[in-house]
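Student: Per the working numbering, the sequence shown starts with residue 47, numbered consecutively.
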Amino acid sequence: MLRYAWMLQDSNMINVNIFGLLTNVIYMIVYYYYTSNMKEAFKLTFKVTILVIIVLVYAEVEHPRNVEFRFGIVVTILLLLLIAAPLIHLKQIIKTKNTEILPFPLIFMGTLVSFQWLLYGLIIDNVFIIFQNAVGFILGIAQLSLFVIFPSKKSQIKLLSKQKKKA
47 MLRYAWMLQD SNMINVNIFG LLTNVIYMIV YYYYTSNMKE AFKLTFKVTI
97 LVIIVLVYAE VEHPRNVEFR FGIVVTILLL LLIAAPLIHL KQIIKTKNTE
147 ILPFPLIFMG TLVSFQWLLY GLIIDNVFII FQNAVGFILG IAQLSLFVIF
197 PSKKSQIKLL SKQKKKA
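1. Measure from the alpha carbon of L164 to the alpha carbon of each residue in V194, Q178, S198, then state which is nearest.
2. Since L67 contacts L48 with CB under 8 Å, what's their CB separation in whole angstroms?
3. Got a sec? Which residues, its chain only, sit under 7 Å from K143 by beta carbon, not counting five neighbours each side?
4. Buried or exposed: Q189, going by 16 or more other Cβ atoms within 10 Å of its Cβ?
5. Does the pairing of the region 119 to 133 with the region 148 to 166 give three or more beta-carbon distances under 8 Å?
6. Tell me the rounded alpha-carbon separation between T157 and F65.
7. S191: which of Y166, L136, M84 sits nearest, CA to CA?
8. For Q55, does the three-state DSSP call read helix, strand or coil?
9. Among K199, T91, F117, which residue has its Cα nearest to the Cα of Y31?
10. Alpha carbon to alpha carbon, how far is I187 from N172?
11. Should A87 and T95 be called a contact, given that it needs their Cβ atoms to be closer than 8 Å?
12. Please give me, in chain order, every unbroken run of the beta strand (DSSP E) with length at least 3 that falls completely inside the region 72 to 127.
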């Protein structure tokens with residue numbers, strides 16, 4: 047996304063994406079410090095890094111007339127895959143009627159951020175930002191609705207224990 051922001055020469059997007067990149071680097075450092083499976087974490091990071099390098103090299107060698115559109119498609123696909131990733135567990139959630147496996151704070155904040163980027167896309171009239179964040183917002187709402195339909199068993203247990211303490 048940072049490269050796309052640079053292509054658009056949009057200082058707001060550049061600043062937000064630099065902050066996001068720094069935040070992610072800090073998160074990864076903390077994650078590596080506490081992970082019990084360092085080898086697997088580095089293996090996955092290596093694969094993702096190779097993918098990012100390929101996409102960035104593509105953006106450099108592609109003709110400038112085509113790169114904004116094509117890179118926008120690539121960024122949109124990658125972003126939607128990231129947002130939709132928790133839905134991989136949909137079968138298990140429906141089977142167990144439990145959303146415990148889903149990261150609620152991450153999904154909630156992702157939905158909120160998608161909505162904000164959707165508004166920004168409308169303001170600057172950028173079809174890629176509008177599309178990816180409209181779909182991201184809808185996916186986020188769909189994922190949040192799973193928490194209403196299939197509440198986490200942990201939250202039900204906590205609620206029951208609080209009710210017993212009051213009684």
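Yeah, the Cβ is synthetic: ideal placement off N, Cα and C, and Gly gets one too. As the structure is a prediction and not an experimental result, all values here were calculated from the model.
Tutor: Quick answer:
1. Taking each of V194, Q178, S198 in turn and checking the Cα distance to L164, the smallest one comes out for Q178.
2. 6 Å
3. F196
4. buried
5. yes
6. 19 Å
7. L136
8. coil
9. Only positions 47 to 213 of the chain appear in this structure, which leaves residue 31 out of reach.
10. 22 Å
11. No, Cβ-Cβ distance for A87 and T95 is not below 8 Å.
12. none
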